[in-house]
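Q: According to my numbering, the sequence shown is numbered sequentially starting from -3.
Where a beta carbon is used, it is the ideal one built from N, C-alpha and C, also for glycine.
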Amino acid sequence: MEKIVSLAKRRGFVFPDSEIYGGLANTWDFGPLGVELKNNIKNSWWSRFVHQRDDIVGLDAALIMNPKVWDASGHLRGFKDFLIECKHCHERFKVEDLLGGGGWEKEYEFLETLSPGDQEKRVRDLFKKCPNCSTVGQFAVPRKFNLMFKTFFGPVYDEKSTVYFRPETAQAMFVDFKNILNSSRIKLPFGIAQIGKAFRNEITPGNFIFRTREFEQMEIEYFVEEKDWEKHFEYWRTEVPSWLKEIGIDSNKLHELEVPDGERAHYSKRTIDFEYDFPFGKKELFGLAYRTDFDLKNHETASGENMKYKDAETGKEFWPHVIEPSLGVERTFLAVLASAYSEDGDRVVLKLPPAIAPYKAAVFPLLANKPELVKLARKIYEDLRKKFYVAWDERGNIGKRYYAQDEIGTPHCITVDFDSLEKGDATVRDRDTAKQERIKIDRLEEYIGRGLI
C-alpha cells in the first residue's frame, strides 16, 4: 500500500489536499494523471451502462436538495453511525469497527434504558482495549452521530435555512422519477444512472482514498415490477463484476458478503456487499441493494405527489421496486491501481487496461539534440493526439523514459530513430512485455486504436 501511495503522488495521480498548509485530514486531490484515470473509469461505466443500453437514462442532479427530501428518505432519522471515544487519548472510533460488525442499534437502545453507572459498566464489558493507546476500560458511553454535512441556504443562518449536502446520489433519481418518466416515455423495466459527488461526515475515514468525507458515486436505480425483483437482482449481481473485470480489477480478489438482517441500510430488504482484497484487507468495493418501493412510496406520502408508474396496457398504477448497484469512484480507482501494480525486477509496471490508461501512447525522439528526429517525432505526436491522449518526452536517456511510462501505465512507447527517416516506420514498445516491433508511421493510429477495443 505504501508503494501505491508513493507512486500516486510521485507520478501525479493523487496529492494530499491543501498540502502546503499542512493538509486537511483524509482529503485528496487528483493530479494530472489521476483525473485522466478517474474520468476514464467514469466514462467506461457510463458507456457500458447508459450509452450501450436502451433501458437506462442519465441524470446530473444538484448537490443540495430541499431538506424535506432527507426527512422523507429517512436520512435525518436513520443515517447515522455510533461514535465511541477513548477518555485517555480522546481518539474516536466507529462502534462497529471495534466490535467487528454492525447490529449495534438494539444494544444502543438497551443501553439508553440503563442508569449512567450501569451504562459505564456495560461499556467496560463490551469494549476492552483502545486500539490507539492500548488503555483498558476507558471508553465513554457511545452516542449517535448523523453523517450528513449541514450548511445554510441563503444569507440567514437559522434552522429554517438549514440544508444538507447530499449523502448519496440516489434520492434525486427518485425525486425526479416522474419528470424522467414523462419526458423520456421509457417503460419498465428501466434505470436511471448518475455519477456525482456525495458527502458523509465519516467518524473514521482513512486508508488513503478508500474512505473519505467527500467522494463520487456511480449509481443506478433500476425500476422493476415487484414480482421480477429477484431476476433483476441476479442480473446485476453478475453484470457489475463483469464491468469491473473489463477495467482490470482482479476477479479472484472479489468476494460476496450477504448482509444480514439488522446490519442492512434502513431502506434495504436484501444487500450484497462485494468486497475486494485491498492491500490493507478485505473491504467493501461496491454494494447491490434491493430497496423495494421504499423511496417512491415515502416521497409520495411526504410530498403529496403521485409517484406511481402507470402501465400503458393495463392502466394499473403501482410503485416500482428498485435494484441499486452502487459504486464509489475512489474505491474503484484504488482497486484498479492495486490490481494493476506489479514489479518486474527493478521495473515498476502499472498494467492498466489501455482503454482506461491516462496516456494511450508516448512518443519520443531517440535523441533530443537531433532536429530531424524531433521534427518527425513531433509530427507523429501532433497527429496522434487528434485521436488519443498521448505523452511527449524527450528528457534523459531512452531507458529512463520507458521506465517512467511503465510506471504510469502507458501501453505503448513510440520511438523515432534514424531508420524512421528512411523507412517511414517507428519502434513501438509494449508496456507489459517490453517487446519492440517496427510499425509503419501511417499505421500507428490503427495500431493504438486496436488496443483500446
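1. Taking the alpha-carbon positions, what's the Ala336 to Tyr399 distance?
2. Enumerate in chain order the residues of its own chain whose CB-to-CB distance from Ile158 is below 7 Å, with the five nearest sequence positions on each side excluded.
3. Taking Cβ to Cβ, would you say Ile37 is nearer than 8 Å to Val325?
4. Gln432 lies in the beta strand (DSSP E); which residues open and close that run?
5. When DSSP labels each residue in this structure, what does Thr297 get in the three-state scheme?
6. Spell out whether any CB of chain C is found under 8 Å from the CB atom of Lys366.
7. Classify Phe149 as helix, strand or coil using the three-state DSSP reduction.
8. What is the DSSP secondary structure of Ile243, reduced to helix, strand or coil?
9. Nearest to Lys193 by alpha carbon, out of Phe204, Lys306 and Arg162?
10. Excluding the 5 residues preceding and the 5 following His317 in the sequence, name in chain order all residues of the same chain whose CB lies nearer than 6 Å to its CB.
11. According to DSSP, is Glu309 helix, strand or coil?
12. Using a threshold of 8 Å, state whether the C-beta atoms of Leu372 and Leu440 are closer than that.
13. Can you tell me the Cβ-Cβ gap for Met214 and Trp41, rounded? I've got them flagged as a contact below 8 Å.
14. Apply the 10 Å Cβ neighbour rule to Pro256 and answer buried if 16 or more other Cβ atoms are within range, or exposed otherwise.
15. Go ahead and pull the three-state DSSP assignment for Phe204.
16. Does DSSP classify His317 as helix, strand or coil?
17. Using the Cα positions of Phe9 and Ala353, report the straight-line distance between them to the nearest angstrom.
18. Inspect the beta-carbon positions of Glu390 and Pro361 and report whether they are closer than 8 Å.
19. Have a look at Arg118 and Arg196 and give me their C-alpha separation to the nearest angstrom.
20. Which same chain residues end up closer than 7 Å to Ser264 when comparing Cβ atoms and leaving out the 5 residues on each side of it in sequence?
21. Expressed to the nearest angstrom, what Euclidean distance is found between the alpha-carbon atoms of Pro28 and Leu72?
22. With 16 as the cutoff for other CB atoms within 10 Å, does Val152 come out buried or exposed?
A: Inspection of the coordinates gives the following:
1. Rounded to the nearest angstrom, the gap between the Cα atoms of Ala336 and Tyr399 is 15 Å.
2. Note that residue 158 is Thr in the sequence shown here, rather than Ile. Residues Pro63, Lys146 and Phe148 of the same chain have their beta carbon placed closer than 7 Å to that of Thr158, with the five preceding and five following residues left out of the count.
3. Contact flag set, yes.
4. Run containing Gln432: Gln432 to Lys436, per the beta strand (DSSP E) assignment.
5. Residue state for Thr297 is assigned as helix, using DSSP reduced to three classes.
6. Of the chains in the structure shown, none is chain C; there is only one protein chain.
7. In the displayed model, Phe149 falls within coil according to three-state DSSP, outside both helix and strand.
8. Under the three-state reduction of DSSP, Ile243 is assigned to coil, being neither helix nor strand.
9. Ranking the options by Cα distance to Lys193, first place goes to Arg162.
10. A distance below 6 Å between beta-carbons, with the five flanking residues on each side excluded, links His317 to the following residues of its chain, in chain order: Val220, Glu222, Trp225, Thr288 and Asp289.
11. If DSSP states are grouped into helix, strand and coil, Glu309 belongs with coil.
12. No. Outside cutoff.
13. Contact flag correct, Cβ pair sits at about 5 Å.
14. With fewer than 16 Cβ atoms within 10 Å of its Cβ, Pro256 is classed as exposed.
15. Three-state DSSP puts Phe204 in coil, outside helix and strand.
16. Note: His317 maps to strand in three-state DSSP.
17. Taking the straight line joining both Cα atoms gives about 12 Å.
18. Going by C-beta atoms, Glu390 is nearer than 8 Å to Pro361.
19. Those two C-alpha atoms are separated by around 29 Å.
20. Here the set comprises Ala285, Tyr286 and Arg287.
21. Straight-line Cα distance between these residues: approximately 38 Å.
22. Exposed, because fewer than 16 other Cβ atoms sit within 10 Å of the Cβ of Val152.
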